[in-house]
Amino acid sequence: MNVFRLLGDLSHLASILILLHKIQTTRSCRGISFKTQALYVVVFLTRYLDLFLGDWVSLYNTAMKLFFIGSSCYILYLMKLRFRPTHDPAIDTFRVEYLVGPSLILALIFNYKYTLVEILWAFSIYLEAVAIMPQLFMLQRTGEAETITTHYLAALGAYRGLYIPNWIYRYFSDGTVDPIAVIAGLVQTGLYLDFFYVYFTRVLQGQKFELPA
Amino acid sequence: FEVPEGHDEL
């Protein structure tokens, strides 16, 4: 564990708390892509299978995994049942097959071992890299976002961004590199670049998140 | 470099 990794994880944690706060206080999931949230549930369930196989890493690791699985399922519940009328499927139209299919194929080709657990782990890494796309697509389509939603996305993007110095640190401290995680992580972080540009130049200057027409 | 053993990242 190094400071970048810790800050990254805390940022991930913060992003989920911001999202929950947004849904609870506005009593609405307007502007949030159900598809992206559903993909995160798939990502966490397929990646954290090791929880049930007895591979113990640390209390921190287990607690975080349980939190991510629990909170992502809870968010789906809020969106699908509790605040269902506030979700508009007509603007959440990204085809998730285009993300799940290629992720599965990549996982079958590029993995560390031909076992179910390792293939699902690789699948979860590839899927996470692109899971934000329905959300970004929705943002692009509507051209604007509530400020709180942009803070959620910024925290989520910061989490992935912070994993990069973490990997550089690990390379120098333990000589290890996880190529699957690194390549997928770079792609994932890259997807946020446009968003971050608008976030820094508009939202953090006190303006509304609006895309030029 | 080596690939880390197991997956300790989240």
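Protein chains in written order, with the numbering used here: chain D, 1 to 213; chain R, 1001 to 1010. Virtual Cβ for every residue (Gly too), placed ideally from N, Cα, C.
Taking just the CA atoms, how far does residue j sit from residue i?
i	j	result
D/LEU81	D/LYS35	15 angstroms
D/ALA131	D/LEU99	7 angstroms
D/PHE68	D/PHE4	19 angstroms
D/ASN61	D/ILE168	21 angstroms
D/LEU45	D/GLY70	10 angstroms
D/GLY190	D/LYS65	25 angstroms
D/LYS13	D/LYS22	Note that residue 13 of chain D is Leu in the sequence shown here, rather than Lys. Rounded to the nearest angstrom, the two C-alpha atoms are 14 angstroms apart.
D/ARG47	R/HIS1007	9 angstroms
D/TYR197	D/ALA107	31 angstroms
D/GLN188	D/GLU128	8 angstroms
D/LEU136	D/ILE109	28 angstroms
D/ALA158	D/GLY8	7 angstroms
D/ILE148	D/MET1	30 angstroms
So is residue i buried or exposed if we call it buried at 16+ other beta carbons inside 10 Å?
i	result
D/ILE200	The sequence as given places Phe at residue 200 of chain D; Ile does not occur at that position. By the neighbour-count rule (16 or more Cβ atoms within 10 Å), D/PHE200 is not buried but exposed.
D/ARG84	exposed
R/PHE1001	exposed
D/TYR126	buried
D/ALA90	exposed
D/GLU210	exposed
D/SER103	buried
D/PRO134	buried
D/VAL203	buried
Could you check whether the Cβ of residue i sits closer than 9 angstroms to any Cβ belonging to chain R?
i	result
D/MET64	yes
D/SER71	no
D/ASN61	yes
D/PHE68	yes
D/ASP92	no
D/HIS21	no
D/SER11	no
D/SER58	yes
D/ALA181	yes
D/TYR74	no
Which one or two residues does DSSP pair with residue i in a beta bridge?
i	result
D/ALA145	D/PHE209
D/THR176	R/GLU1002
Tell me whether residue i, by its Cβ, gets closer than 8 angstroms to a heavy atom of the ligand GDP.
i	result
D/LEU10	Ligands displayed in this structure: none; no statement on the ligand GDP is therefore possible.
If the cut is a Cβ gap below 7 angstroms, which residues of chain C does residue i touch?
i	result
D/THR176	Note that chain C does not occur in the displayed structure, where the protein chains are D and R.
Do the region 140-154 of chain D and the region 68-78 of chain D touch if we need at least three Cβ pairs shorter than 8 angstroms?
no
Would you check if there are 3 or more beta carbon pairs closer than 8 angstroms linking the region 50-57 of chain D to the region 176-190 of chain D?
no
Below 8 angstroms, can you find three or more Cβ-Cβ pairs linking the region 117-125 of chain D to the region 159-174 of chain D?
no
Please determine if the region 180-191 of chain D and the region 36-43 of chain D are in contact, where contact requires at least 3 C-beta pairs separated by less than 8 angstroms.
no
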